[in-house]
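See structure below.
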Amino acid sequence: MASRGGPQRPNGASQGKICQFKLVLLGESAVGKSSLVLRFVKGQFHEYQESTIGAAFLTQTVCLDDTTVKFEIWDTAGQERYHSLAPMYYRGAQAAIVVYDITNPDTFGRAKTWVKELQRQASPNIVIALAGNKADLASKRMVEFDEAQAYAEENSLLFMETSAKTAMNVNDIFLAIAKKLPKSETSGTPQPRQGVRLNNEQGGQQSEGGCCK
Amino acid sequence: MAFQNQVLFAKDSVYVHINVQDTKDKDAHIAGRVFLLNKPEGYFIEWKAEDVLNLETTSEEWDVINYKNDREGDSVSMNAKMDARRKYNISFDILDLKSFKRSAPNHGWAYIIFILKDGTTFPALHFHNGGSKALLKELENFIYIRRSPNDPRLFLVKDHDPEQLSQSINELSLFTDSSGAYVQNFVNDSKHGLSKKFIKSPYTTTLGGFSKVTNFLRDVLMTPENSQNLVRPQSEVAELLQDDIPGMEISQLDEPGFEMITKTKLPPRPTVKRGDPLASPQWNSFFDAEGRISKVDELKDIIFRGGVDPALRSEVWKFLLGFYDWDSCSKKRTDQRKRKVDEYFRMKLQWKTISAEQEKRFTLLKERRGLIDKDVMRTDRTHKFFAGDKNPNLQVLYDILMTYCMYNFDLGYVQGMSDILSPILVVMENEVDAFWCFAGAMERVCHNFEMDQNGMKVQLSQIHKLMQIQDPELCAYLEAHDSGNFYFCFRWILIVFKREFHFHEIQRLWEVIWTDRPCSNFHLIISLAILESEKSTLLENKFGFTEILKHINDISLSIPLEETLRKAEGIFLQLRDYKKLPISLKEILGLLPPAHVPASQSMENSMFMGSTSNSSSSLQQEAGVKVDTPTLMAGGAGSGASSVKGVTRSGSGSDLTKGTVGAACSANVARSIGMSARYGGGARQSNGGGAGGNAGATCGMDDVHKVFT
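If you're matching them up, the sequences are chains F and C in order. Here the first sequence is numbered in my numbering, starting from 21 and rising by one per residue. Here the second sequence is numbered in my numbering, starting from 10 and rising by one per residue.
As structure tokens, this is what we get:
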């Protein structure tokens with residue numbers, strides 16, 4: 021765990037409270053669920069990331085002001101055939117990232133289905149984020165940003181377009197979720213980057229850092 | 010903050026033995042350097058591949074004192090080789106360390122496997138030039154370490170507790186191999202008043218809750234002790250317990266347990282020897298003058314015991330996977346092969362000739378095409394056979410999977426199938442042979458991929474049932490930690506350990522399993538064997554649901570194959586010889602009457618059609634292809650009938666002999682067979698491509714038309 025995204029426990033002295041959250045990734049096969057996690061947890065990207073069979077479990081810790089947020093991340097298999105296993109993994113989850121591929125409209129449709137299922141079946145207060153992944157493939161875009169954003173607003177979802185390949189918005193979406201999760205006094209504060217030390221993205225996206233609605 | 014990472018320890022020539030999925034350079038190692046660092050966030054152990062180090066050294070100022078935080082090294086522009094190496098880099102806070110495993114002393118160079126609290130299990134770090142001891146000694150300045158009494162290779166990190174420091178230091182004296190120095194017999198140790206209390210009234214204590222008992226027992230039993238000294242106290246405890254509770258059998262396994270009290274006592278595990286792989290002269294000696302294999306059972310025994318020489322695999326696997334009948338002579342095999350070539354190209358044409366326009370109204374096929382597309386792109390791309398952009402073998406992989414969709418349209422394509430095909434294609438290096446061998450392999454596992462997941466559920470629960478008898482202690486532990494459904498074994502079973510072993514090992518494992526020896530459910534016993542090897546790690550680290558799953562996922566590619574096979578066979582023999590083995594388990598193990606039937610055949614009876622049995626497989630393929638496919642296509646997408654049902658339906662009865670199949674063939678199908686013979690020849694000669702392929706396609710359209718109307 022925690023090999024690269026790096027921000028670990030505060031160094032001894034002023035250790036604030038520690039929150040632990042279960043987060044599940046859902047979405048059609050090959051939209052980049054495992055790649056998002058791998059980028060977030062290890063700072064890596066593999067062009068030919070193998071398909072996930074069953075489920076994978078990873079952890080990553082981020083520091084939000086004085087709070088240490090530990091994500092327990094469940095990465096699931098995307099194919100419809102394995103749908104019946106999903107409840108086992110989203111049960112009890114406080115957060116979910118529903119991922120689609122911006123170059124494939126079918127995956128956006130599937131993402132909506134997942135959102136519906138989560139709203140119906142998952143914990144009532146679950147924080148859901150929608151991630152339009154593969155944003156680096158803008159020339160092949162088939163799902164418009166505005167369309168997805170409108171959908172996200174209607175359904176009170178966090179929304180970002182991400183790229184596991186370039187690392188764009190990957191840490192940010194996890195961070196936005198961390199901020200939105202119930203922990204009392206953290207919300208509303210503009211997030212100081214150094215407090216989070218999740219800045220391994222390439223430049224030019226600082227403005228999107230505070231995407232938390 | 011201008012805090013600089015301080016290097017407390019560094020050692021070169023520390024290697025990770027990587028997953029090179031190729032027999033030829035299976036020993037490839039990545040050289041790197043291991044560090045113990047004092048970082049702003051805490052104390053970290055890190056390992057970095059040499060390439061990465063060099064790059065960072067040149068691009069950033071880097072020396073032993075001024076260690077560069079690696080995060081800024083992240084950039085997409087890094088070249089691929091670098092990226093591939095970097096993925097093995099290790100970095101963790103030592104406060105996250107839960108335990109580690111050290112190699113046995115006689116293992117050549119030493120290695121260490123670090124295991125974190127969340128179950129993360131890193132690949133072994135091999136210290137080719139020594140240094141493991143020095144690193145651990147350095148580490149003991151910061152954390153408390155003790156050796157597991159059950160597994161001399163396993164060391165546990167205790168939670169922060171200053172009082173334990175001296176104990177820990179004593180324990181670490183084990184590293185100096187003067188290990189006999191610190192001995193403690195807890196039964197006689199008056200400091201442990203609790204242990205006496207337990208011994209006096211074990212029953213009450215037990216009723217008080219297993220977890221308390223076990224935690225307590227564990228703490229008591231795990232006080233530093235040399236493993237050879239552990240035997241006596243444990244048996245003493247067992248004796249005392251037995252006195253108090255008449256009739257209760259006490260497990261005297263090596264491990265102190267969560268469930269010390271059990272009712273199973275399996276016979277001792279016999280020693281099992283593995284053999285040499287089947288080699289060419291031996292293989293040739295099995296054939297008689299007509300090219301028929303004379304002693305099939307004997308041959309299968311050899312393959313079970315030692316596998317097959319890689320050079321022979323493409324031939325031998327054709328028998329194991331039902332491409333050829335075991336009792337066939339050379340001439341019959343020539344005919345079989347010819348027919349299979351025709352059949353393959355006939356089915357390939359079915360999907361090849363569906364136009365884009367047509368596919369718009371054929372959603373199911375379009376979806377499957379999409380799934381296959383996605384998975385082919387990411388199947389074993391690190392293996393030489395599939396590496397590189399535009400590798401032509403990817404197209405072959407794709408074509409075979411699409412054709413399989415036509416062959417078994419009810420099942421279609423499900424994620425995981427490309428994993429089953431890939432090693433077979435690498436061995437066969439031929440599209441048609443690989444297809445039929447894949448179809449044979451799928452016959453054995455197709456129930457894994459069915460929509461309701463029932464095949465998977467059944468097998469996972471069978472592992473559970475077997476473990477209840479084989480290792481009640483581990484079983485109780487898993488149940489108590491939400492893992493009684495064994496879903497953490499899902500990947501193992503679904504794709505028959507494909508992701509758990511290196512490429513050359515999975516080929517060996519599969520050929521062993523395909524012999525159906527000692528029973529057709531040997532893969533379940535293999536699961537038990539692996540879990541037994543991980544038992545100490547799971548229990549002593551007190552892993553819960555998530556850590557168990559993570560650890561089991563992470564040990565992939567580090568499971569010793571031959572050792573596991575020996576262990577698994579030993580477990581099978583123990584269960585077989587256990588007099589009180591429940592009938593339900595006998596059934597799973599293929600031990601029920603007709604007991605006089607050799608294990609291999611009874612196995613085939615109980616499971617999935619027996620793709621390796623002689624007559625039924627060729628018959629089924631015949632029926633499946635020529636009768637079933639058109640029926641399914643006409644029946645539409647949602648028919649839901651399995652191919653097995655399809656065959657039965659077409660064959661009009663259970664007495665499925667060649668005669669009835671022939672009778673059941675409609676004129677329609679008969680025409681299609683004729684057709685296939687005509688165009689199939691052309692396609693074969695041209696090997697499916699070029700002008701011959703086009704000619705075939707023309708005929709094929711005609712043929713497809715007839716089949717579908």
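Glycine included, every Cβ here is placed at the ideal spot set by N, Cα and C.
With contacts defined by Cβ atoms closer than 7 Å, Lys142(C) and Tyr153(C) do not form a contacting pair. Listed along the chain, the chain C residues whose CB falls inside 7 Å of the CB of Ser143(F) amount to none; the nearest CB is some 17 Å away. DSSP places Tyr496(C) in no beta strand (DSSP E); its state is neither H nor E. Residue pairing of Phe123(C) in beta bridges, as defined by DSSP: Phe109(C). Per DSSP, the continuous beta strand (DSSP E) segment holding Arg156(C) begins and ends at 153-156. The Cβ atoms of Ala149(F) and Ile117(F) sit closer than 7 Å to each other. Pairing Ala184(F) with Leu56(F) gives a Cβ-Cβ distance under 7 Å. Contact of Tyr496(C) with chain F by beta-carbon distance below 9 Å involves Gly74, Ala75, Leu105, Met108. For Gln114(F), no CB of chain C lies under 7 Å from its own CB, so it is not counted at the interface with that chain.
Scanning the segment 478-565 of chain C from its first residue to its last, the whole alpha helix (DSSP H) runs of 4-plus residues come out as 481-489, 499-503, 512-522, 531-549, 554-563. The three-state secondary structure of His103(F), taken from DSSP, is helix. By the rule that beta-carbons nearer than 7 Å mark a contact, Gly553(C) does not touch chain F. Note on Met180(F): 16 or more other CB atoms within 10 angstroms of its CB, so buried under the neighbour-count rule. The three-state reading of DSSP puts Gly129(F) in helix, counting H, G and I together.
Put simply, the CB of Arg101(F) is near chain C, with a gap under 7 Å to one of its CB atoms. About 5 Å separates the Cβ atoms of Phe123(C) and Phe109(C), confirming a contact at the 8 Å cut-off.
Counting every other CB atom within 10 Å of its CB across the protein chains shown gives Asn562(C) a total of 16 or more, marking it as buried.
Think of a sphere of 9 Å around the beta carbon of Ala155(F): no beta carbon from chain C falls inside it, the nearest being about 13 Å out. Contact annotation for Leu380(C) against chain F: Ser49, Gln99 [CB-CB distance below 8 Å, chain order]. The C-beta separation of Leu138(F) from Tyr110(F) comes to about 7 Å, placing the pair in contact by the 8 Å criterion.
The C-beta distance from Leu483(C) to Met476(C) rounds to 6 Å, short enough to fall under 8 Å. Around Arg500(C), the beta-carbon contacts reaching into chain F at under 7 Å are Ile73, Gly74. Residues of chain F with a Cβ closer than 9 Å to the Cβ of Asn562(C) are, in chain order, Gly74, Ala75, Ala76, Phe77. Interface with chain C (7 Å Cβ-Cβ cutoff): Glu70(F) is included.
Its Cα nearest to that of Ala113(C), the residue Arg162(C) stands out among Arg162(C), Phe581(C), Glu147(C), Pro286(C). The beta carbon of Gln64(F) falls within 7 Å of a beta carbon belonging to chain C, placing the residue at that interface.
Interface annotation, Gln13(C): not in contact with chain F, CB-CB separation never under 7 Å.
Considered as a whole, the segment 573-597 of chain C harbours 592-597 as its complete alpha helix (DSSP H) runs of no fewer than 4 residues, in chain order.
Under the 7 Å criterion on CB atoms, Val166(C) is classed as non-interfacial with respect to chain F. No Cβ of chain F is located within less than 7 Å of the beta carbon of Leu475(C). Here the C-alpha atom of Gly47(F) lies approximately 7 Å from the C-alpha atom of Trp134(F). Within chain C, no C-beta atom comes less than 8 Å from the C-beta of Glu173(F); the nearest is roughly 29 Å away.
Taking a Cβ-Cβ threshold of 8 Å, the residues of chain F close to Lys96(C) are Lys62, Gln64, His66, in chain order.
Bounds of any alpha helix (DSSP H) do not take in Arg370(C), whose DSSP letter is neither H nor E. Among the residues facing chain F, Asp384(C) is included, as its CB has a counterpart in that chain under 7 Å away.
With a threshold of 7 Å between beta carbons, Leu406(C) makes no contact with chain F.
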